[in-house]
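Undergrad: Below: one structure in structure tokens.
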Amino acid sequence: MSFAMTARMRRVFLVIALLAAAGVIDSAVALRNHYAKSKSSYCEFGESFNCDTVNRSSYSVLLGIPVALIGVIGYGALLGLSTLYREKAETPAMLLMAAVGGLG
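Count the sequence shown with numbering that gives the first Met the number 0 and you get residues 0 to 103, in order.
Okay, here's the thing in structure tokens:
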């Protein structure tokens with residue numbers, strides 16, 4: 000079942016899609032850095048602020064799965080919902096549940 004989408008809803012879905020795409024890219028880079036042998040990363044700003052300190056620590060893995068991989072999957076799901084399934088009537092509720100439920 001399809002529903003009429005207003006211009007405002009289109010903009011909202013576009014913003015969600017852009018933010019989800021940025022999340023996929025950021026999570027993918029973090030996942031690559033999680034497994035990389037390199038000592039430097041894109042978010043190293045000295046000793047007091049360095050993403051790799053956490054990204055390579057025990058806090059970066061949840062039940063054996065890298066948190067960055069969970070981010071790629073979650074943001075990918077939000078991106079898919081906001082682009083491929085945006086014409087379906089239940090998509091706004093699914094997006095809200097996914098975002099609030101911690102999928103992304």
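Cβ atoms here follow ideal geometry from the backbone N, Cα and C, with glycine treated the same way.
For the alpha helix (DSSP H) containing residue 16, name the first residue and the last one.
TA: Its alpha helix (DSSP H) spans residues 6-34.
Undergrad: Return the CA-CA distance between residue 73 and residue 95, expressed in angstroms with no decimal places.
TA: Roughly 13 Å between the two C-alpha positions.
Undergrad: For a test of the three-state rule: what should DSSP assign to residue 62, helix, strand or coil?
TA: Reduced to three states, the DSSP call for residue 62 is coil.
Undergrad: Candidates 50, 91 and 46: which alpha carbon is nearest residue 33's?
TA: Cα-wise, what sits closest to residue 33 is 50.
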